[in-house]
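The next block holds one structure in the form of structure tokens; read it before the comments.
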Amino acid sequence: MVDGYNSLMNRKHVWLMLGLGLILLIGGVFPVQRVTAFNGADPPYYNLPLCLPGFYAHAPANCLPLGASESVSQIRAMGIPYPRKELPAASPDVELTKLPVRVARVELNSAEALPVYASLDDARAGGTPSRTIPAGESRYVAIIDQVEADGKTFVRLESGGWVQAKPIYSWIRFQGLVFSQTPENDFGWAVDEAEIYSAPGYNSPKTGKSVAKYEVIQIYQVAQADGYDWYLIGPNAWVSSHKSRRVVVDTTKPEGVTGNRWIKIDLANFTLSAYEDGELVFATLVSTGLPPMYTRPGLFQIYERYEASPMFGATRADRSDYYYLEAVPWTMYYDDTRAIHGVYWPIILGYNQSHGCVNLAPGDANWLYAWAKLGDWVYVVDPSGNTPTDPAYYLGVTAGP
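Residue numbers for the sequence shown follow my numbering, so the first one is 3 and each next one is one higher.
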């Protein structure tokens with residue numbers, strides 16, 4: 003028993019000596035750096051702890067504003083608040099996106115007039131029409147009933163009579179923002195999927211992320227590169243104005259406005275904003291006049307309002323672009339035949355697309371119609387200076403939707 007114990011101890015002694023020798027060998031090949039105690043010659047703040055994450059306007063004496071605190075300071079230097087603030091806003095009630103009346107699209111060849119029949123039987127038989135709606139590229143009618151017969155869809159018009167047309171069930175449901183108070187910075191929306199870059203300019207590295215179409219962005223800085231404005235939307239995150247639009251928050255009352263309410267239409271940024279008592283209350287995207295049918299800059303007042311209003315006309319001499327639109331929703335006329343109104347036909351917000359009117363998604367037009375009053379001011383401005391301002395240019399021009 004004793005011999006076994008001695009043998010075990012001898013083996014342990016051998017392994018201990020081998021281990022000690024290995025340590026000495028490594029120590030000779032890879033000498034360990036000596037650690038010296040703080041001798042007072044180094045800067046005195048080396049023995050301070052890191053500050054808690056946060057923004058420090060002045061360098062604190064009891065901690066080091068490095069690490070997370072330094073990152074916060076860098077973010078603040080970009081104009082981005084810490085902690086980041088959400089916009090003081092919410093989307094309007096989704097129920098506002100409903101149209102005030104039912105609408106149907108005329109699918110007949112645009113070169114043919116649309117026959118209107120006194121009765122459904124006459125419409126099915128294709129008899130003599132009581133009247134016709136002129137040929138045109140875009141024709142929509144307000145309806146109160148529909149019938150499927152003979153493999154066709156017939157609709158009863160709100161104005162009386164029957165025609166062949168297809169009721170619409172899809173229109174743009176985009177909605178802007180209602181504000182509880184004025185935000186501290188500009189904001190906007192992407193109007194198409196927008197790639198995010200680490201710095202202004204298309205030659206800058208991409209972050210691999212993007213902003214979805216109609217996603218809200220907050221804007222903290224604006225720079226110019228490659229012919230576009232670039233918006234800082236987060237730390238080292240920039241998007242181009244090519245695929246995004248900006249609401250320039252400005253509570254300054256435009257010259258000439260009396261009272262405490264006005265609507266601002268920014269032609270360069272394709273945005274509309276509403277102000278009351280010096281505060282931003284609403285903002286959204288719009289589409290405006292496609293050249294040469296510009297939306298005219300200037301200061302105007304709302305002089306007529308209709309929950310649903312017919313619009314028809316043409317801009318070409320041969321009337322090949324004739325449009326016939328019944329029940330255009332939430333219409334407010336402010337400059338001759340130019341109006342702010344909702345759109346149920348296909349539209350791309352954030353671009354020049356109309357015949358001079360200011361086009362909104364129906365839900366936004368509904369909200370604005372409920373807020374606005376006759377006599378309210380409409381301030382139309384183009385910061386880019388690309389829209390004609392000479393009154394003579396607009397003489398004899400009949401604008402439209």
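Glycine included, each C-beta is placed from N, C-alpha and C at the ideal position.
The structure displayed is predicted, hence computed values, not measured ones.
E328 is positioned such that its CB atom lies closer than 8 Å to that of Y142.
Residues L269, Y296 and P299 of the same chain have their beta carbon placed closer than 6 Å to that of T389, with the five preceding and five following residues left out of the count. Per DSSP, the unbroken alpha helix (DSSP H) holding D124 starts and ends at L122 to A127. Note that the segment 266-282 does not touch the segment 309-326; fewer than 3 beta-carbon pairs, one per stretch, sit closer than 8 Å. Inter-residue distance for S200 and L376 is about 47 Å (C-alpha atoms, whole angstroms). Counting every other CB atom within 10 Å of its CB across the protein chains shown gives R175 a total below 16, marking it as exposed.
Counting only the Cα atoms, G402 lies some 13 Å from S140. Each of W332, L351 and I349 was checked against the Cα of I342, and the nearest Cα belongs to W332. K154 and A106 do not touch by the CB rule: their CB atoms are close to 12 Å apart, not below 8 Å. The DSSP assignment places complete beta strand (DSSP E) segments of no fewer than 3 residues inside the segment 324-398 at 325-337, 340-344, 354-356, 360-362 and 379-383, in order along the chain. For S322, the closest of A115, W232, T99 and T260 by C-alpha to C-alpha distance is A115. For Y230, the enclosing beta strand (DSSP E) stretches over residues Y230 to G236. Non-local beta-carbon contacts of E197 in its own chain, meaning distances under 7 Å to residues more than five positions away in sequence, involve K208 and S212 in chain order. Using a 10 angstroms sphere on the CB of N205, the tally of other CB atoms stays under 16, which defines it as exposed. About 6 Å separates the CB atoms of Y326 and I135; that is less than 8 Å, so the two are in contact. Distances from the alpha-carbon of Q177 to those of L287, Q223 and R247 put L287 closest. Spanning the alpha carbons of W379 and D392 requires a straight line of approximately 20 Å.
Collapsing the DSSP output to three states places T134 in a strand. Boundaries for E257: no beta strand (DSSP E) harbours it, and the DSSP string shows neither H nor E there. Judged by DSSP secondary structure, W164 falls within the beta strand (DSSP E) whose first and last residues are W164 to Q166.
Taking the CA atoms as reference points, P237 sits about 40 Å from H357.
Between S182 and P85, the C-beta spacing is not below 8 Å. I265 and Y381 have their C-alpha atoms spaced approximately 6 Å apart. For Y199, the enclosing beta strand (DSSP E) has its first and last residue at A196 to Y199. Assigned with DSSP and collapsed to three states, V250 falls in coil, not helix or strand. For V251 and L292, the gap between their C-alpha atoms comes out near 25 Å.
Nearest neighbour of V218 by Cα position, chosen from P202, L397 and T273, turns out to be T273. Between L159 and V118, the C-beta spacing is below 8 Å. Among the bridge pairs identified by DSSP, T286 is matched with L274. By a beta-carbon distance limit of 8 Å, F189 does not contact I146. Their separation comes to about 41 Å.
Contact between R247 and V193 holds: CB atoms are separated by about 6 Å, below the 8 Å threshold.
Between the beta-carbon of S386 and that of I349 there is about 22 Å, and that puts the pair past the 8 Å contact cut. When secondary structure is reduced to three states using DSSP, L101 falls in the coil class, being assigned neither helix nor strand. When the beta-carbon positions are compared, I304 and A367 stay at least 8 Å from each other.
Minimum Cα-Cα distance from V241 among the listed residues S311, T254, W191 and D152 corresponds to W191. Beta-bridge annotation (DSSP): M313 is paired with L327.
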